[in-house]
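For the sequence shown, the numbering used here assigns the number 35 to the initial residue and increments by one for each residue that follows.
C-beta atoms are modelled at their ideal positions from N, C-alpha and C, and glycine is treated no differently.
As the structure is a prediction and not an experimental result, all values here were calculated from the model.
Below is one structure, written out as structure tokens; comments come after it.
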Amino acid sequence: MASITMKELLEAGVHFGHQTKRWNPKMKEYIFGERNGIYIIDLQKTLKMFKEASKFVTDLTSTGKLILFVGTKRQAQDAIAEEATRAGMPYINSRWLGGLLTNWVTVQKSVKRLQELDDMSTDGRYELLTKKEVIKLERERKHLSTNLAGIKTMKRLPDALFIVDSNNEAIAVAEARKLGIPVVAVVDTNCDPTVVDYVIPGNDDALRAIRLFTMKMADSAAEGVQMVSERAFATEASDVRVLPTEEHFIGEEGETFDALPIAESVGTAEASTEDIAEEGEIDLEAALGGGIKKAPAAATEPELEAEEVHAEATA
Numbered sequence: 035m036a037s038i039t040m041k042e043l044l045e046a047g048v049h050f051g052h053q054t055k056r057w058n059p060k061m062k063e064y065i066f067g068e069r070n071g072i073y074i075i076d077l078q079k080t081l082k083m084f085k086e087a088s089k090f091v092t093d094l095t096s097t098g099k100l101i102l103f104v105g106t107k108r109q110a111q112d113a114i115a116e117e118a119t120r121a122g123m124p125y126i127n128s129r130w131l132g133g134l135l136t137n138w139v140t141v142q143k144s145v146k147r148l149q150e151l152d153d154m155s156t157d158g159r160y161e162l163l164t165k166k167e168v169i170k171l172e173r174e175r176k177h178l179s180t181n182l183a184g185i186k187t188m189k190r191l192p193d194a195l196f197i198v199d200s201n202n203e204a205i206a207v208a209e210a211r212k213l214g215i216p217v218v219a220v221v222d223t224n225c226d227p228t229v230v231d232y233v234i235p236g237n238d239d240a241l242r243a244i245r246l247f248t249m250k251m252a253d254s255a256a257e258g259v260q261m262v263s264e265r266a267f268a269t270e271a272s273d274v275r276v277l278p279t280e281e282h283f284i285g286e287e288g289e290t291f292d293a294l295p296i297a298e299s300v301g302t303a304e305a306s307t308e309d310i311a312e313e314g315e316i317d318l319e320a321a322l323g324g325g326i327k328k329a330p331a332a333a334t335e336p337e338l339e340a341e342e343v344h345a346e347a348t349a
């Protein structure tokens with residue numbers, strides 16, 4: 035499970051939401067206040083909810099399951115491709131093809147076609163074709179690669195989605211919900227958090243914020259993948275490894291040393307917990323230099339209905 039600090043969130047500008055006139059009332063509980071016409075996101079809640087999302091991703095990938103990284107807006111494309119690849123996970127960073135999840139059988143045919151064209155371009159079959167035929171095939175390969183390169187090795191539907199900007203990827207969210215696939219998403223103040231399973235309140239437009247969240251989520255996924263590898267290695271090694279009969283550990287060169295006393299271990303764990311608690315207790319308003327107005331009160335059902343009616347009337 036990857037960790038994230040308040041300092042990292044502040045430096046990346048995660049606390050900056052949208053203008054107060056562009057917001058979703060359902061995000062009220064995640065808003066700390068307002069300054070200069072911009073909503074400030076409550077980073078204490080961001081820390082807590084990121085931890086929950088990170089644990090979910092690590093637990094999922096530790097059982098050999100897949101997380102599909104999705105971010106097609108310009109600011110997210112590079113981070114999504116690089117971090118998903120590093121974690122060994124599939125991704126979509128160009129355009130979400132309608133039906134990618136709900137019509138997976140058809141999409142899979144296009145993926146297989148892309149793999150076939152990739153093989154043709156490297157195994158010498160292009161040399162047996164005319165120049166005109168090669169140009170036509172390369173045009174098709176480029177088109178398919180633009181949309182499907184990130185899922186070329188994905189043999190089945192993903193077990194969860196990590197999304198940057200749930201508003202921008204509304205079709206992906208809708209398809210995942212229809213199939214019962216959990217969604218982890220970075221949700222800004224203009225988004226609807228009720229359609230997301232694991233909400234991460236934060237700025238989904240700033241490059242540094244997107245990179246931070248994507249990198250940390252990739253770390254969480256990679257940690258789970260590493261756990262799978264370690265279990266497989268331990269299973270293979272258990273057939274030949276000789277365990278010590280005394281309460282000792284075997285070092286790299288064969289030397290033995292006593293295990294750390296339980297009391298000392300507990301003390302270390304308690305100290306670490308206290309450090310984390312102290313770090314989390316940060317005055318957000320002081321950290322941002324003050325000048326923040328009180329956050330809007332929690333929305334009631336009548337208020338939400340009134341907001342929706344007003345939005346429709348002014349649209």
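Collapsing the DSSP output to three states places Val139 in a helix. Contact annotation: Leu94 and Ala210 have beta-carbon atoms that are not nearer than 7 Å. Secondary structure at Val104: strand, using DSSP grouped into helix, strand and coil.
Between Ile244 and Val198, the C-beta spacing is below 7 Å. In this structure, Ile101 sits near Val91, with a CB-CB distance shorter than 7 Å.
Secondary structure at Arg173: helix, using DSSP grouped into helix, strand and coil. Cβ-Cβ separation between Gly67 and Gln53: approximately 14 Å, too far for a contact (criterion under 8 Å). Residue ranges of uninterrupted alpha helix (DSSP H) with 4 or more members, entirely inside the region 75 to 100 and ordered along the chain, are 77 to 95.
Taking one beta carbon from each stretch, the region 112 to 131 and the region 244 to 262 have 3 or more pairs nearer than 8 Å; the two touch. Following the DSSP letters along the chain, one finds Val220 inside the beta strand (DSSP E) bounded by residues 217 to 221.
Separation of Val104 and Ala240 (C-alpha to C-alpha, rounded to the nearest whole angstrom) is 16 Å. Look at Val230 here: in three-state DSSP terms it is coil, with no helix or strand label. When C-beta atoms of the region 180 to 187 are compared with those of the region 218 to 228, fewer than three pairs fall below 8 Å, so the two segments do not count as touching. With 16 or more other Cβ atoms inside 10 Å of its own Cβ, Ile234 counts as buried. Boundaries of the beta strand (DSSP E) around Leu195: 194 to 198. For Lys327, the secondary structure class from DSSP, reduced to helix, strand or coil, is strand. The Cβ atoms of Leu77 and Leu322 do not sit closer than 7 Å to each other. Secondary-structure assignment with DSSP links Phe247 through no beta bridge to anything.
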